[in-house]
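Working notes for the structure below.
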Amino acid sequence: MPYCSCGGVFKPDITFFGEMLPEYDWQQAVKVMSNADLVLVLGTSLQVYPAAGLPGYRPWNARLVIINRDPTPMDAEAQLVIHEDLCEVMSQLK
Numbered sequence: 008m009p010y011c012s013c014g015g016v017f018k019p020d021i022t023f024f025g026e027m028l029p030e031y032d033w034q035q036a037v038k039v040m041s042n043a044d045l046v047l048v049l050g051t052s053l054q055v056y057p058a059a060g061l062p063g064y065r066p067w068n069a070r071l072v073i074i075n076r077d078p079t080p081m082d083a084e085a086q087l088v089i090h091e092d093l094c095e096v097m098s099q100l101k
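Residue numbers (the working numbering): 8 to 101.
Structure below.
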């Protein structure tokens, strides 16, 4: 981590693995997810929580699409699963 001349640590505006998400941001994400009619899970293994749990907040009738090279824990819940490289899949969309 880079340090400031005052001795403080410069921290980028991201959430590192193992850190909790800011409460407001988490609540907003849950709110958006709970009103979604389509959820796209793109290029993630859905292994790192709490973000991996977000698709679970979607309404029961919301469609779930997962595009990831490897299987995810939510594949069985998805209406469409594509196990390919995300960049390859996205380049095919027109």
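From the three backbone atoms N, C-alpha and C, an ideal C-beta is built for every residue, glycine too.
Of the listed residues the options, nearest to residue i (C-alpha basis)
| i | options | result |
| --- | --- | --- |
| L87 | L47, P62, R65 and Y64 | L47 |
| L49 | D77, E26 and G25 | D77 |
Residue range of the unbroken alpha helix (DSSP H) whose run includes residue i
| i | result |
| --- | --- |
| V39 | E30 to S41 |
Helix, strand or coil at residue i according to DSSP, with G and I counted as helix
| i | result |
| --- | --- |
| L100 | coil |
| L53 | coil |
CB contact flag (residue i, residue j, <8 Å)
| i | j | result |
| --- | --- | --- |
| A43 | A69 | yes |
| Y64 | M40 | yes |
| M81 | I74 | no |
| T79 | L53 | yes |
At 4 residues or longer, what runs of the alpha helix (DSSP H) sit wholly inside the segment 66–98? List check, alpha helix (DSSP H) in window: nothing returned.
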